[in-house]
Structures are given as structure tokens and as C-alpha cells.
Amino acid sequence: MPPESFLDSKALHLKAASDARVAERVAGHLRRRIAEDDWRPYRSKEEALHAWSRLGGIRLQVMQALGLLKTPDSGSLGDR
1047 MPPESFLDSK ALHLKAASDA RVAERVAGHL RRRIAEDDWR PYRSKEEALH AWSRLGGIRL
1107 QVMQALGLLK TPDSGSLGDR
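Below, the structure is given as C-alpha cells:
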């Protein structure tokens, strides 16, 4: 059974236990950007989210858990 972690009551499906630390770090990074409204080097929040969602993996799952994406299938669930 793959490791599972929770972020804001949403399940994250992770491949390894160490991925939970990565997810926490990504969540902290995104929360800081939200609080500071800092989306550099992108021109807007939407542009940044679009670019990051194409990366898939843990980052995509964290963005979905934080409610940053409109639909759960906004991008690939592939590896980083």
C-alpha cells in the first residue's frame, strides 16, 4: 500500500514516506506565496498555477489540497 499523508484534511497519495516532508515543504512555499501574493517570476497567480500544474506529482496534489486548482484533473499526476 502506498504511503498516504493528509494536508488540510485532503489525502495525498505519495510513493515514499519521505515524500511527506516534500509535500510539507511545498505547502509552506505555496502558503507563503499566497500570503505575500508573490507569483514571481510569473506575471499572475493563474500563470504560475498553470505552469506548476504541468509538473504534476506532489506539487499538483498539494495545490489541489490547498484549493488552488478549480478541478482535480487540472493536470498530470505523473512524477515531479
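My numbering numbers the first residue of the sequence shown as 1047 and each following residue consecutively.
All C-beta atoms in this analysis are idealised placements derived from N, C-alpha and C, irrespective of residue type, glycine included.
Small disclaimer: the values here were computed from a predicted structure and weren't measured.
{"Query": "Buried versus exposed call for Arg1105 [16 or more other C-beta atoms within 10 Å across all chains shown]", "Result": "buried"}
{"Query": "Local Cβ density within 10 Å of Ala1051, reported as buried at 16 or more and exposed below that", "Result": "Contrary to the premise, residue 1051 reads as Ser rather than Ala in this sequence. Ser1051 comes out buried."}
{"Query": "Expected contact under 8 Å - CB spacing of Leu1112 and Ala1073 to nearest Å", "Result": "7 Å"}
{"Query": "Endpoints, beta strand (DSSP E) assigned at Ala1057", "Result": "1056-1059"}
{"Query": "According to DSSP, residues forming a beta bridge with Leu1053", "Result": "Lys1056"}
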